[in-house]
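Colleague: First residue of the sequence shown? That's 177 in my numbering, and the numbers climb one at a time after it.
Just so it is clear, CB atoms sit at the ideal spot from N, CA and C, and this is done for glycine as well.
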Amino acid sequence: MEIIGSLIMAISQSILFYGKEIGISMIIFEAILNAILLYILYRKNKIQNKNGLLLLIPIILLSSTYHIRK
């Protein structure tokens, strides 16, 4: 799954960012990245501190500033 996830991230990065300005595509890419990362970590039972997942909220908010400022 790691290889498929990295292929999905690479393809989405080239579609969303190549030759375009950063805007809403940053939020979309961040959502794809977080979803794939969480899926892989949950599947392998690597998440030990589930409260740490709350840090995804500020990460998404910070990535949304690209959309707000453009």
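Near Phe205, which residues of its chain fall below 7 Å by C-beta distance, leaving aside the five closest residues on each side in sequence?
Modeller: Ser188, Gln189, Leu192
Colleague: By alpha-carbon positions, which one of Met177, Asn225, Ser201, Lys226 ends up nearest to Thr241?
Modeller: Ser201
Colleague: Let's see if you can read the secondary structure: which residues bound the alpha helix (DSSP H) around Gly199?
Modeller: Counting along the chain, Gly199 falls outside any alpha helix (DSSP H), and DSSP gives it neither H nor E.
Colleague: For a test of the three-state rule: what should DSSP assign to Ile208, helix, strand or coil?
Modeller: The three-state secondary structure of Ile208, taken from DSSP, is helix.
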